[in-house]
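Colleague: The structure follows.
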Amino acid sequence: MDQRWLEDGRCDGMEFIGRRHNDSTGDEGVEEFTFFDLQKQIADMKSKGIDTTYFEVDLQTKLALPFISPLMVLLAIPFALKRQLSGGLSLSFGIAMIIGFGYWVLAAFCVSLGHSGAMPSWLSAWTPNAIFALIGLFSFTAEE
5 MDQRWLEDGR
15 CDGMEFIGRR
25 HNDSTGDEGV
35 EEFTFFDLQK
45 QIADMKSKGI
55 DTTYFEVDLQ
65 TKLALPFISP
75 LMVLLAIPFA
85 LKRQLSGGLS
95 LSFGIAMIIG
105 FGYWVLAAFC
115 VSLGHSGAMP
125 SWLSAWTPNA
135 IFALIGLFSF
145 TAEE
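In the working numbering, the protein residues as written are 5 to 148.
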């Protein structure tokens with residue numbers, strides 16, 4: 005089904021909240037929706053036959069993002085329990101920055117795969133959390 009996306013946020017005469025992709029017009033984007041508003045919007049769009057892949061990825065991402073904090077704590081515990089390495093505080097800070105940046109890059113990559121449809125929405129949102137949870141569990145159990 006070929007769909008035309010009009011400038012005012014309508015698709016072939018059907019109004020919907022938000023846009024397929026965020027733009028710089030200052031209008032409300034997908035990130036501004038609450039979880040329940042986005043869930044309702046997806047149901048409305050599906051009933052109209054509109055592809056909701058982009059929105060489903062963002063919905064799953066809204067569920068996955070709050071788990072970043074406990075994951076980072078899980079990753080930090082083994083570093084806190086280790087004996088002092090040469091380099092001390094600066095080395096620990098550098099490792100923490102690399103871990104945080106690595107998570108951010110992996111999450112952005114997986115979400116972009118989900119938005120393009122190359123990866124299922126739930127998998128694209130939860131893969132970074134799963135990978136970093138496994139790394140955290142491994143480093144936690146591998147510690148003396």
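Think of the CB as a built atom: it goes at the ideal place given N, C-alpha and C, for glycine as much as any other residue.
Who are the Cβ neighbours of E60 in its own chain at under 7 Å, not counting the five residues just before and after it?
Modeller: Apart from sequence neighbours up to five positions away, the residues of its chain that approach E60 with a beta-carbon distance below 7 Å are I46 and S125, ordered along the chain.
Colleague: Run through DSSP, which three-state label would A112 get?
Modeller: helix
Colleague: Rounding to the nearest angstrom, what Cα-Cα distance links L117 and D62 in this structure?
Modeller: 12 Å
Colleague: How is K50 classed by DSSP in three states: helix, strand or coil?
Modeller: helix
Colleague: Under a Cβ-count criterion, where at least 16 other Cβ atoms within 10 Å of its own Cβ denotes burial, should F105 be classed as buried or exposed?
Modeller: exposed
Colleague: From V134 to F142, what does the alpha carbon distance come to, in whole angstroms?
Modeller: Here residue 134 is Ala; the residue named in the question, Val, does not match the sequence. Computed Cα separation, rounded: 12 Å.
Colleague: In terms of residues, what are the limits of the alpha helix (DSSP H) holding E35?
Modeller: First-last for E35: undefined, no H or E at that position.
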